[in-house]
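Report on the structure given below.
Residue numbers (our numbering), protein chains in the order written: chain Y, 2 to 115; chain G, 959 to 1070.
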């Protein structure tokens, strides 16, 4: 079973507010991924890290989303100004080596933007 | 382009019956394939994975999957389903460069 921890489990924000969620990857996993899962079960890759360095990120992440994985602290994903369309389940996953390696998922943070 | 197709959005079976959930992938290289299950209000849990070797891979809770390169498929099977297997099942393709591709999921409903 995955040992990825995500907090909070639920987050409710008004439009324009900041929304911040955190992820603690499995111990020893240097690669961390963030995904957005919408109500239609569509997954969107947002960003990934290896240790503290960003490996890849999509345009959406570059504009309103910010993320970091500081050393000895949880990783975080923050939406600077939430929009209704950001309402989704945000999943964090970690893996040992990235690439083709298995990704282990946390329970997710469900964001509702009113 | 890489993609994963799960042609059945919803599958309903009776408890104790056998199950097959279909998955087709599109990728010109060597695919690394996974099945994950998502229970309500939870994240994705790994059921099984295929990297190479024996095309039939065993997973948790009696699930198995068979890889077919000629059919570009990775179907999930279980001999006898239980009501607790009701969930959404995702077929996932992993390629190089840290990217994975999700199918749209198959909602499994197990009737008592």
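Cβ atoms here follow ideal geometry from the backbone N, Cα and C, with glycine treated the same way.
Check	Outcome
CB contact below 8 angstroms: residue 968 (chain G) versus chain Y	no
Assumed close pair residue 1064 (chain G), residue 959 (chain G) - CB separation to whole angstroms, cut-off 8 angstroms	About 22 angstroms separates the two Cβ atoms, so there is no contact after all.
Cβ-based neighbour list, residue 1067 (chain G), same chain, cut-off 6 angstroms, excluding 5 preceding and 5 following	970, 1044
Test: residue 105 (chain Y) CB closer than 8 angstroms to a CB of chain G	yes
Spatially closest choice to residue 1026 (chain G) from G:1019, G:1034, G:1020, by CA coordinates	G:1034
Per-residue contacts from residue 9 (chain Y) into chain G (C-beta, under 8 angstroms)	Under the 8 angstroms cutoff, chain G gives no residues; its nearest Cβ is about 13 angstroms from residue 9 (chain Y).
Alpha carbon of residue 1008 (chain G) to alpha carbon of residue 992 (chain G), nearest angstrom	6 angstroms
DSSP three-state assignment for residue 1019 (chain G), whether helix, strand or coil	helix
Selection of the region 31 to 45 of chain Y by Cβ proximity to chain G, strictly under 9 angstroms	32, 34, 36, 38, 41, 42, 43, 44
Inter-stretch contact at 8 angstroms, needing at least 3 Cβ pairs: the region 6 to 24 of chain Y / the region 103 to 115 of chain Y	yes
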